[in-house]
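Novice: So for the sequence shown, this note's numbering puts the first residue at 1335; every next one is plus one. Virtual Cβ for every residue (Gly too), placed ideally from N, Cα, C. This structure is a prediction, so every number in the text was calculated from the model and none was measured.
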Amino acid sequence: MSPKSEHYDFANQLLASKDFFDRSTRVLDEADSGFRPKEGMMTVAQQVAHTAQTLDWFVEGASRPEGFDLDFEKHAKALEGVISLAIARQQLEAAYGNAVQFLRSRSAEELLRPLPPGPVMGGQPISDIVWAMVEHTAHHRGALTVYSRSLGKVPPMPYGG
């Protein structure tokens, strides 16, 4: 009897990271949208919007023959107008949905294909964008817990219930 090959659902890792992000940042509310610890840093709303933007960036980079869009100035400029945490959370929800759909609509073979050549993960399997998205999201989740504490709020442990 040979074991049946099963398709690993990479989307589950993303969904877990979403739960961790949501749990860690739920103490932040709309009134906190414009808070930034120091001038020149992203606001709470911009941190969340940037997290959404980057999830989309990874999916787009894995989908385009030319790979990742490295115009980071353009990406940063797009965040300047973000002033609402509620809207940023909606963007994040949509970005997670897009990433999950992308992963679940690809076969195991497709996810093993190499990413386009370039300085960002060039030649690695497409599936490797998952750990990068999880890691990037965790980074901003951590930054937002520092923001929360600076506001006198205590964020819950991300891995708890």
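Below 6 Å CB to CB, which residues in the same chain sit around E1364 once its five sequence neighbours on both sides are set aside?
Specialist: Closer than 6 Å at Cβ, skipping near neighbours: L1419, A1420.
Novice: Excluding the 5 residues preceding and the 5 following A1472 in the sequence, name in chain order all residues of the same chain whose CB lies nearer than 6 Å to its CB.
Specialist: Excluding residues within five positions, none has a Cβ falling inside 6 Å.
Novice: What number of angstroms, rounded off, separates the C-alpha of Q1381 from the C-alpha of E1400?
Specialist: Taking the straight line from one Cα to the other gives about 27 Å.
Novice: Please go through the same chain and pick out, in chain order, the residues whose beta-carbon is closer than 8 Å to the beta-carbon of Q1387, but skip the five residues on each side of it.
Specialist: Once the five neighbours on either side are set aside, the close Cβ partners of Q1387 are H1409, A1412, L1413, Q1425, A1429.
Novice: Considering only C-alpha positions, which residue in the set T1377, Y1493, A1433 is nearest to A1466?
Specialist: When each option's Cα is compared against that of A1466, the closest is A1433.
Novice: Just to confirm, is the Cβ distance from F1402 to G1476 under 8 Å?
Specialist: Result no, Cβ atoms of F1402 and G1476 do not sit closer than 8 Å.
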